[in-house]
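A.B. asks: In my numbering, the protein residues as written are 4 to 53. Note that CB positions come from ideal geometry on N, CA and C, so glycine has one too.
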Amino acid sequence: MLVKKSLNANAVIAVDNQQQEFILFGKGIGYGKKMGTKWMNLLSTKHLCR
4 MLVKKSLNAN
14 AVIAVDNQQQ
24 EFILFGKGIG
34 YGKKMGTKWM
44 NLLSTKHLCR
């Protein structure tokens, strides 16, 4: 997964290998994330929305 956009410190929009978009929520998940950053650990997220 790649970060498409950081919404705030607790939410990001990410894209997987099949170009599906996801909204990821979690404490501090978006802090310091930039567009194109690889995201590997989905287990640390609280919610995963399509």
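Which of the three DSSP states, helix, strand or coil, is assigned to residue 11?
C.D. replies: In this structure, residue 11 counts as strand in the three-state DSSP scheme.
A.B. asks: Once DSSP output is grouped into helix, strand and coil, what is the label at residue 41?
C.D. replies: strand
A.B. asks: Excluding the 5 residues preceding and the 5 following residue 30 in the sequence, name in chain order all residues of the same chain whose CB lies nearer than 7 Å to its CB.
C.D. replies: 13
A.B. asks: Using only the alpha-carbon positions, how far apart do residue 23 and residue 34 sit?
C.D. replies: 22 Å
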